[in-house]
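Undergrad:
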Amino acid sequence: MRQPNLLVFLPDQQRTDTMACYGGTKVHAPALNKLASESVIFERAYVTQPICTPSRASLFSGLWPHTTGCTRNSVPLEQRFPTFAELVENRDYRCAYMGKWHLGGDASPQRSFRDWVSTEDVSNYSRFLISHGIAPDRPNNAFSRRFISTLSLELSKPKFLEDHACQFIKQHRRDPFVLFVAFVERTHPTTDRSMRSIRLLKWTWMKLHWLLQRMRFPCGTV
31 MRQPNLLVFL PDQQRTDTMA CYGGTKVHAP ALNKLASESV IFERAYVTQP
81 ICTPSRASLF SGLWPHTTGC TRNSVPLEQR FPTFAELVEN RDYRCAYMGK
131 WHLGGDASPQ RSFRDWVSTE DVSNYSRFLI SHGIAPDRPN NAFSRRFIST
181 LSLELSKPKF LEDHACQFIK QHRRDPFVLF VAFVERTHPT TDRSMRSIRL
231 LKWTWMKLHW LLQRMRFPCG TV
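Here this note's numbering is used: the first residue of the sequence shown is 31, the next is one more, and so on.
#1: Which same chain residues, not among the five before or five after F111, have their C-beta less than 6 Å away from its C-beta?
#2: Identify every residue that forms a DSSP beta bridge with G129.
#3: Per the DSSP calculation, R168 is bridged to which residue(s)?
#4: How would you write the range of the alpha helix (DSSP H) that H58 sits in, first residue to last?
#5: Tell me whether V105 sits in a helix, a strand or coil according to DSSP, three-state version.
#6: Between L36 and H162, what straight-line distance do the alpha-carbon atoms span, to the nearest angstrom?
#7: Just the C-alpha distance for L117 and P188, rounded to the nearest angstrom, thanks.
#8: Using CA atoms only, rank isn't needed, just tell me which of K130, I71 and R102 is closest to M191.
#9: If we count the other Cβ atoms within 10 Å of its Cβ and call it buried at 16 or more, is H96 buried or exposed?
#10: By Cβ distance, which residues of its chain are closer than 7 Å to F158, with the 5 residues on each side in sequence left out?
#11: Should C100 be listed as close to the ligand GTP, given that the test is whether its C-beta is under 7 Å from any heavy atom?
#12: Could you give the first and the last residue of the continuous alpha helix (DSSP H) run that contains R141?
#13: Does the pairing of the stretch 51-66 with the stretch 102-111 give three or more beta-carbon distances under 8 Å?
#14: Do T83 and L133 come within 8 Å of each other at the CB atom, strictly closer than that value?
#15: Provide the residue(s) that pair with V38 in DSSP beta bridges, ordered along the chain.
#16: For a test of the three-state rule: what should DSSP assign to R226, helix, strand or coil?
#17: Cutting at 8 Å between CB atoms, please list the residues of its own chain near I81, excluding the five before and the five after it.
#18: Taking H202 as the reference, which of N171, F114, V70 and Y123 has the closest Cα?
#19: With respect to the alpha helix (DSSP H) encompassing S85, which residues constitute its N-terminal and C-terminal limits?
#20: In whole angstroms, what separates the C-alpha of P166 from that of Q197?
#21: For D145, which of F173, A195 and P106 has the nearest alpha-carbon?
#22: On the premise that W94 lies in contact with T78, defined as a C-beta separation below 8 Å, what is that separation, rounded to the nearest angstrom?
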């Protein structure tokens, strides 16, 4: 049998009240709600730690933060702890990571991810903005988060990641792959800026869901 593809979407700081499957009514996201209706819904799910680096380290290594040493942000995951991508690299899987890595050295591919699209500091995303004539507001051709939050939809991080994720899926849809997409916009429905982020997240989910359906990929557990 053909090995299944694995897609992992990591929306940063997405609250339960942004999803209908958890009783949320503030956000209209039909594609995301449909995906949830065809999946397993976890009603009692817990993370090892609520901040980025420890939680990501646990997700990739399967270990507790006090074991990996990633107990706070900006702590690299040591090479002696194998990641999920390294464990499947010899099983004909092509592994890709797109978004905020936050486990040390975002700019270059790591830990057996053959395809790598970075979005933090001087990254693929910052070079994308510069290529569109956007002037950096920080040294070394970097952009601040405040500046990025003012950009149009077409130049936003979710749109940037969506384009790369769709391109990757189209290119490798016939081969087993693992694709992690880490959306980095905040999704707290409390301010105008956050509501903009929710709309971006919803729009990106709808586009990706449409693409997966066109390619007849089943909507599995997320």
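The C-beta atom is built at its ideal place from N, Cα and C for all residues, glycine as well.
TA: If we stick to the structure as given:
#1: S91 and T98
#2: S148 and A212
#3: A172
#4: From DSSP, H58 is part of no alpha helix (DSSP H); its letter is neither H nor E.
#5: coil
#6: 32 Å
#7: 28 Å
#8: Looking at the sequence itself, residue 191 is Leu, so the reference to Met does not match. Ranking K130, I71 and R102 by Cα distance to L191 puts K130 first.
#9: exposed
#10: F190
#11: The model depicted lacks the ligand GTP and carries no ligand whatsoever.
#12: Run containing R141: none; DSSP gives neither H nor E here.
#13: no
#14: yes
#15: F210
#16: Low local confidence applies: a pLDDT of 49 at R226 is under 50, so the model's placement there is unreliable, with the coordinate-based value given in what follows. Note: R226 maps to helix in three-state DSSP.
#17: R102 and N103
#18: Y123
#19: C82 to S91
#20: 26 Å
#21: A195
#22: 6 Å
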